[in-house]
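Chemist: Under the numbering used here, the first residue of the sequence shown carries the number 1402, and numbering increases by one thereafter. Backbone N, C-alpha and C define an ideal beta-carbon position, used for all residues, glycine too. Everything numeric in this text was worked out from a predicted model, so none of it was measured.
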Amino acid sequence: MTTVPPELRSHLQMHYQEHLLFGWDSLSEADRKRWVEELDELDFVQLAKLYNRRNEPHAALPARERIAPLPVELRSEVSAKSYAIGEEAIRKGRVAVLLVAGGQGSRLGTDRPKGVYPVGPISGASLFQIHAEKVLALQRRYHATIPLLIMTSPATHSETVAYFEEQSYFGLPKDDVYFFEQGTMPAIDLRTGSLLLEAPGKLCRSPNGHGGTITALADSGLLINMKADGIEQIFYFQVDNPLVRVADPAFIGRHVETQSEVSSKVVFKEHPEEKVGILSLVDDRCSIIEYSDLPKDMAEERTSAGELVYRAGSPAIHIFSISFLERITTSTQHLDYHIARKKVPCLDRDGQPFQPTSENAIKCELFIFDALPMADRWMAMAVDRADEFAPLKNATGADSPETVRHLMMERAARMLESAGVDVPRENGELKYPLEISPLFALDERDCQRKIPASFPINGPTLFNQTR
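(1) For Y1711, tell me which candidate among I1723, A1717, K1697, A1588 has the shortest Cα-Cα distance.
(2) Mind checking which residues open and close the alpha helix (DSSP H) that includes S1819?
(3) Considering T1614, what are the terminal residues of the alpha helix (DSSP H) in which it resides?
(4) In chain order, what residues of the same chain have a beta carbon less than 6 Å from the beta carbon of P1519, not counting five sequence neighbours either side?
(5) Within the continuous alpha helix (DSSP H) that includes M1415, where are the two ends?
(6) In chain order, what residues of the same chain have a beta carbon less than 6 Å from the beta carbon of R1786, not counting five sequence neighbours either side?
(7) Just the Cα atoms here: how many angstroms apart are L1831 and D1432?
(8) Among the residues of its own chain, which have a CB less than 6 Å from the CB of S1554, if the five just before and after it don't count?
(9) Would you identify the three-state DSSP class for P1548, choosing helix, strand or coil?
(10) Restricting to runs no shorter than 3 residues, where is the beta strand (DSSP E) found entirely within the stretch 1433 to 1489?
(11) For the alpha helix (DSSP H) holding H1656, just list the boundary residues, first then last.
(12) Is the beta carbon of A1648 closer than 8 Å to that of V1822?
(13) Counting along the chain, where does the alpha helix (DSSP H) carrying F1565 start and finish?
(14) Taking K1869 and V1663 to be in contact with their CB atoms under 8 Å, please state how far apart those CB atoms are, rounded to whole angstroms.
(15) Hey, would you say V1578 sits closer than 8 Å to Y1570, going by beta carbons?
(16) Any idea which residues DSSP pairs L1596 with across the strands?
(17) Measuring straight from C-alpha to C-alpha, what distance separates Y1417 and S1595?
(18) When you compare the CB of S1732 with every CB in chain E, is at least one pair closer than 8 Å?
(19) At the level of alpha carbons, what is the spacing between D1684 and Q1660?
(20) To the nearest angstrom, report how far apart F1581 and A1617 are at their CA atoms.
(21) Taking Cβ positions, are T1614 and M1552 nearer each other than 8 Å?
(22) Note down the Cα distance separating E1408 from L1598, rounded to an integer number of angstroms.
(23) If you compare alpha carbons, which of I1547, V1479, P1834 is closest to D1576?
(24) According to DSSP, simplified to helix, strand and coil, what is Y1579?
(25) Per DSSP, S1722 forms a beta bridge with which residues?
(26) In its own chain, which residues sit with a C-beta less than 8 Å from the C-beta of L1624, not counting the 5 before and 5 after it?
(27) If we count Cβ pairs, one from each stretch, closer than 8 Å, do we get three or more for the stretch 1831 to 1849 versus the stretch 1808 to 1820?
(28) In the DSSP assignment, find the beta strand (DSSP E) that holds L1539 and state where it starts and stops.
(29) Does DSSP classify F1571 as helix, strand or coil?
(30) Please report how far the alpha carbon of N1795 lies from the alpha carbon of P1802, in whole angstroms.
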């Protein structure tokens, strides 16, 4: 393939994208073949439609009369019967766990996958280790197969797979761990609609958003395979939260009992300005309103009891039924792309590297929460944020390694105190660092069974167990 295939040139000319052939002569034969295949797969009609939306205003907030607070259940009030239903679903192999791990730790000062970041207060265990060991602990507790599905991105895939291999999958059976890659979308020149090149034969691409999880599940074949293996529910969460109760039986039980297609966990907002999406009803359907879209008066509105009216914050923890995911990936009902203007380094018209100083491109992303209103039946469960929500976002300040480790230690202290252990404190703060491995105890029940009330805490204490 020494010359450009005529049909390819004609196809690109028809869509005003012939510039993508820049540098053809500099490409190796193998790179030309790969480049032709990549260009053949592009949906130029879809990309043109997305470009034509570049000047659309940001979606306006629906009229106030269409919005209402979302009714939520409390995890603390889940019945023993509901909990048992969740346990039975796990025990019978009907639940898979989906870990969204496509991001890098750039805001933490590293270009490695965020999942390898060490957060264990004493052990230095990584986020990946903590989550994987929770799945392993559940497998042991329920003598069940629980598939762990890990969504990566082109930037993190190879290193994530290698990391799990190096760590022997943290004790999980290799056949229970599935890696699949998030899709990407080309960046589009804001002025011309041309696709941007990073180099000859290489598009400027970016991940297609956390909503791409759903399409990637379907495109990878995992959705069909999970259904064939008897999986009925997929527990979804993001890698940066080490406190998440993975495959929480209480949550799963109520999801199954209510025959919900989608269920979401909720943490109540601590103050009106908190930057968290708000679960609410829009046209009587479960939806999320982005914090930046919520007017100040709505954000500050309170009930007669003094509680925020719109307080159901989303920690991005969901359950999706397999049948629901099938429906929205095989029918005309599907997620729509959101358009964002960004600064994207690229090649200029002369093929020289260009570093923009202002927005020069649009990126297209899918949002997972756009799936929520598509569900005909849903359930929302409020949980104690101190027990289930400690996102790792920043190098310092709020949501930093320091605050996350502090919350992990406080969670461990409460688990120990539930077993009657005297946890030393000074001025209300823990006197010694504490950590409980998921393999030792997943929750209070495990602590009460394993730790005598007389157990002494005389210094930094790590409760661990071999894989």
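Modeler: The relevant details are as follows:
(1) When each option's Cα is compared against that of Y1711, the closest is K1697.
(2) Counting along the chain, S1819 sits inside the alpha helix (DSSP H) bounded by residues 1802 to 1819.
(3) Element bounds for T1614: 1613 to 1621.
(4) Same-chain partners within the cutoff: G1525, S1527.
(5) M1415 -> alpha helix (DSSP H) spans 1407 to 1415.
(6) Hits under 6 Å: V1668.
(7) One C-alpha to the other measures close to 58 Å.
(8) Excluding positions up to five away in sequence, the list reads G1503, Q1583, P1608.
(9) In this structure, P1548 counts as coil in the three-state DSSP scheme.
(10) Entirely contained in the stretch 1433 to 1489, the beta strand (DSSP E) runs reaching 3 residues are, in chain order, 1468 to 1470.
(11) Note, H1656: alpha helix (DSSP H), 1650 to 1658.
(12) Between V1822 and A1648, the C-beta spacing is not below 8 Å.
(13) Note, F1565: alpha helix (DSSP H), 1558 to 1567.
(14) Residue 1869 lies beyond the stretch modelled for the chain, which goes from 1402 to 1868, so this question has no answer here.
(15) Result yes, Cβ atoms of V1578 and Y1570 sit closer than 8 Å.
(16) Residue pairing by DSSP places L1596 opposite I1589 in a beta bridge.
(17) Their Cα atoms are separated by approximately 7 Å.
(18) In summary, chain E is missing from the structure at hand, where a single protein chain is found.
(19) Cα-Cα distance, rounded: 21 Å.
(20) Each residue's Cα considered, the two are about 7 Å apart.
(21) Yes, Cβ-Cβ distance for T1614 and M1552 is below 8 Å.
(22) C-alpha separation (whole angstroms): 21 Å.
(23) Nearest option by C-alpha distance: I1547.
(24) Y1579 falls in the strand class under three-state DSSP.
(25) Answer is Q1634.
(26) L1618, I1723, L1726, E1727, T1730, listed in sequence order.
(27) Yes, they touch.
(28) Per DSSP, L1539 belongs to no beta strand (DSSP E); it is in the alpha helix (DSSP H), 1528 to 1543.
(29) DSSP places F1571 in helix when its eight states are reduced to three.
(30) Spanning the two alpha carbons is a distance of roughly 8 Å.
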